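S.K.:
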Amino acid sequence: MWTVKLILVFFIFNLCSKFASSQFGSHNIYNIKYVPLREGEDPGEPLILTPYIEQGKIEEAKNLSAVPGEPFFGIKSYSGYFTVKKQHNSNTFFWFIPATDVNYREVPVILWLQGGPGGSSMYGLLLENGPFKLINETHIELREAAWTSNHSVLYIDNPVGTGYSFTNNRWCSNEVEIGEDLYCALVQFFKLFPELQNNDFFVTGESYAGKYVPAISYTIHKKNAEADSKINLKGLAIGNGLSDPANQLNYADYLFQNGLIDFNRKEAMKKLQNKVLGLIQEEKYKEAYTLYSILLDFKISTGFDYYFNYLESNATINDQYPVFLQQANIRRALHVGNMSYVTDDEVQDSLQADFVKSVAPWISELLSNYRVLTYNGQLDIIVAYPLTVNYLRHLNFSAADEYKSAKRHEWIVNGEIAGYVKSAGNLTEVLVRNSGHMVPQDQPEWALDLISKFVKNVSLY
C-alpha cells in the first residue's frame, strides 16, 4: 500500500516538475523562431517616443512613428515604443492602425491584448483581426473582416518582455503591475494622438488576457477619478478568457461529457482539481500553479496535442508570423531596430503566483460602470464555455440573479446561427459556434459582427 502511494507521489512530483512551466493557452502557439539578421542588412534603430512626448514634440514623434505604406498596402499606421519604467528601461511596443474605411477621428479606439502569458499581440494582428493577413513568412494580404475597417485598433505587446516589448531586469509579477504599465503606455498614446482622447475606448483580448483586460480596465477606472485627461473607457470584451481560475477548474466533467476521457480518468482529475482549489483557498499560489499545470496538459489524459479546438487532435502551429516580423525591412518599418522578438520565459515565470489568482472582484466592480462582453468558442478546451459560465454565475454584481435566469437568444449573422447570447445588466455572454480558442481566427466575419455590435451597443438578437 505504502509503495503504491510513494510511486504515485513520485509520479505527480515528476509531472509537476515537467509541466510547472507550461504556458497557459499557448502550447507552442506563441513560440518564436529566431531569425538572425543577414550581414549588411539594416533594421534601423528602435524608436523610443517617450522623450519626444515629454518635451512636447508631439508632431515630430507622430511623424517619426509613421509606418511606411510599403509593404502594408498604403494603410496608414504608427508604431514604436513607450517607456513605462525608466529605472528598469522597460519599454512597451505598440502598433496602431487608425480605422481604414471611416474617419478615424469619429469612431471608437480598441485596445487588443494577446494572452500567454508572453504571447505577442502581433499574433492577433496578423492571424486574427488586423488589416493584414499572413500568407507565408514573407508575404501578407488584406483581410476582409478586419476590426480596423470600422474601428481604430491599438495592438500592444504586453507585458514587457513579450514580443518586441523589452526590459532590462524587471518583469511584472501581478496584474496590478501589468495594469500600471499599460496605463502608462495609454497615457502616452493619447498624448501622441490627442484628437482621440475623447473617443470611446474599449479594451479587448483573449485567453490569459482574461486577466490583462480587467487589470487595465480597473486601473483606468481608478485613475480616471483624479486624472486631468481621462480615458473614455466604455467597455471591455474578453474572448475565451481565464479570469477566475478557482471557478474555471472543472475540466474533468467537460472532457468526460465530450467523450475525451473515461469515468476513471474523470474521477482522478476531480481529485487533482480539488487539490488545486484547496491550495488556492490557502493562498499557496505557486503550489497551486504547479498542480494546475498538470490539468492543462491534456495530452496526458486525452492524447490531444492541441487544446484550442477539440475537433483537431494535432493541429499545425503557425510559426511563420514571427519570421515575417523579424525581416530587416519589417523591423525598419516598425521602428524596432535590432531588438529581439521573443516569448520570454521570464514573463511567464514571474507570473506563476498570479496565474491562479482571480480578477473576478474587479470584473464585478467594472460591471457597475461599464459594459462587459465575454465570448467563448464552442470547441475550445483550454477555456471551455461551461467553465466561463461557471465563473460568471459566481460574479457578485447588481444583475447577478437576472443573469442566472436570463433567456438565451440566437445570434444570427447573414441568415446563419453564429451563436447564442444572454444579457443581464451590463453583462453580455456569448457562445460562438464552430470556433475554438481564437474566435476571430476561426470565424472572422462573426467576430467582426460581434465586436462591432458590442461597441455600438446594438443588440445581438
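So the sequence shown is residues -22 to -1, 1 to 439, counted in mature numbering (1 follows the signal peptide of the UniProt record, and there is no 0).
Glycine included, every Cβ here is placed at the ideal spot set by N, Cα and C.
Owing to the predicted nature of the structure, the values given are computational and were not obtained by experimental measurement.
At what residues does the beta strand (DSSP E) containing R349 begin and finish?
M.R.: The residue you call residue 349 lines up with position 371 of the sequence shown. First-last of the beta strand (DSSP E) with R349: R349 to G355.
S.K.: Is it right to say H5 is buried, meaning 16 or more other beta carbons lie within 10 angstroms of its own, or is it exposed?
M.R.: Here residue 5 refers to the residue found at position 27 of the sequence shown. Its pLDDT being 47, under 50, H5 is placed unreliably in this model, and the value from its coordinates should be taken loosely. The residue in question, H5, is buried, as its Cβ has 16 or more Cβ neighbours within 10 Å.
S.K.: Using only the alpha-carbon positions, how far apart do D240 and F234 sit?
M.R.: For the purposes of this step, residue 240 is identified with residue 262 of the sequence shown, where counting begins at 1. For the purposes of this step, residue 234 is identified with residue 256 of the sequence shown, where counting begins at 1. So the two alpha carbons sit approximately 6 Å from each other.
S.K.: Take E343 as the anchor and find which of G403, Q298 and Q330 has the nearest alpha-carbon.
M.R.: On the sequence shown, residue 343 is found 365 positions in, with the first residue counted as 1. Here the closest residue by C-alpha is G403.
S.K.: Counting only the same chain and skipping the five closest in sequence on each side, list residues whose C-beta sits under 6 Å from that of residue 448.
M.R.: The requested residue 448 does not occur in the structure, where the chain is confined to residues -22 to 439.
S.K.: Roughly how many whole angstroms lie between the Cα atoms of N147 and E407?
M.R.: Taking the sequence shown and counting its residues from 1, the one referred to as residue 147 is at position 169. Taking the sequence shown and counting its residues from 1, the one referred to as residue 407 is at position 429. The alpha-carbon atoms of N147 and E407 are separated by roughly 39 Å.
S.K.: For V87, which residues in the same chain have their Cβ closer than 8 Å to its Cβ, ignoring the five residues on either side in sequence?
M.R.: As a working mapping, residue 87 is identified with position 109 in the sequence shown. The answer, listed in chain order, is H129, S130, V131, L132, L174, N177, D178, F179 and F180.
S.K.: Would you mind giving the Cβ-Cβ distance between L409 and G393, rounded to the nearest angstrom? I have them listed as a contact below 8 Å.
M.R.: Looking up residue 409 in the sequence shown gives position 431. Looking up residue 393 in the sequence shown gives position 415. Wrong, their Cβ atoms sit about 19 Å apart, outside the cutoff.
S.K.: Pick helix, strand or coil for F60, following the three-state DSSP scheme.
M.R.: Reading the sequence shown from its first residue, position 82 is the one you call residue 60. Strand, per DSSP.
S.K.: Which runs of the alpha helix (DSSP H) spanning at least 4 residues fall entirely within the region 193 to 270, listed in chain order?
M.R.: 229 to 235 and 241 to 259
S.K.: By how many angstroms is the C-alpha of V154 removed from the C-alpha of D327?
M.R.: Along the sequence shown, one-based indexing puts residue 327 at 349. Along the sequence shown, one-based indexing puts residue 154 at 176. Cα to Cα, D327 sits roughly 16 Å from V154.
S.K.: Taking buried to mean at least 16 other C-beta atoms within 10 Å of its own C-beta, is Y12 buried or exposed?
M.R.: Taking the sequence shown and counting its residues from 1, the one referred to as residue 12 is at position 34. So Y12 counts as exposed.
S.K.: Rounded to the nearest angstrom, what separates K200 and L405 at their Cα positions?
M.R.: Numbered from 1 along the sequence shown, position 222 holds the residue referred to as residue 200. Numbered from 1 along the sequence shown, position 427 holds the residue referred to as residue 405. Taking the straight line joining both Cα atoms gives about 20 Å.
S.K.: Looking only at its chain, what residues have a beta carbon closer than 7 Å to the beta carbon of K248, apart from the 5 residues adjacent to it on each side?
M.R.: Here the question's residue 248 lines up with position 270 in the sequence shown. Excluding positions up to five away in sequence, the list reads A230.
S.K.: Less than 6 Å between C-beta atoms, sequence neighbours within five positions excluded: which residues of the same chain meet that for Q330?
M.R.: The residue given as residue 330 occupies position 352 in the sequence shown. Within the same chain, Q330 has close Cβ partners K264 and Y267.
S.K.: Write down every uninterrupted run of the beta strand (DSSP E) in the region 64 to 116 whose length is 3 residues or greater and which is fully enclosed by it, in chain order.
M.R.: 68 to 75, 87 to 91 and 110 to 112
S.K.: Go to G393, then tell me how far its alpha helix (DSSP H) extends in each direction, as first and last residue.
M.R.: Sequence index remark: in the sequence shown, residue 393 carries index 415 (1-based). Note, G393: premise wrong, no alpha helix (DSSP H); not H, not E.
S.K.: Going by Cα to Cα distance, which pick from L25, E38, P29 and H66 is closest to S57?
M.R.: Translated into the one-based positions of the sequence shown, residue 57 becomes position 79. Taking the Cα of S57 as reference, the smallest distance to any Cα among L25, E38, P29 and H66 is reached at L25.
S.K.: Out of curiosity, what's the CA-to-CA distance linking Y439 and E380?
M.R.: For the purposes of this step, residue 439 is identified with residue 461 of the sequence shown, where counting begins at 1. For the purposes of this step, residue 380 is identified with residue 402 of the sequence shown, where counting begins at 1. Rounded to whole angstroms, Y439 to E380 spans 18 Å at the Cα level.
S.K.: With respect to the alpha helix (DSSP H) encompassing F302, which residues constitute its N-terminal and C-terminal limits?
M.R.: As a position in the sequence shown, residue 302 is number 324, starting the count at 1. Taken as a continuous stretch (DSSP letters only), the alpha helix (DSSP H) holding F302 covers Y299 to L303.
S.K.: Check whether the Cβ atoms of P223 and V325 lie closer than 8 Å to each other.
M.R.: Counting from 1 along the sequence shown, the entry for residue 223 is found at position 245. Counting from 1 along the sequence shown, the entry for residue 325 is found at position 347. In this structure, V325 does not lie closer than 8 Å to P223 by Cβ.
S.K.: From the DSSP output, in three-state form, read off F274 for me.
M.R.: Numbered from its first residue, the sequence shown carries residue 274 at position 296. One point to set straight first is that residue 274 is Leu, not Phe, in the sequence displayed. Helix.
S.K.: Report the three-state DSSP secondary structure of A123 (helix, strand or coil).
M.R.: On the sequence shown, residue 123 is found 145 positions in, with the first residue counted as 1. Coil.
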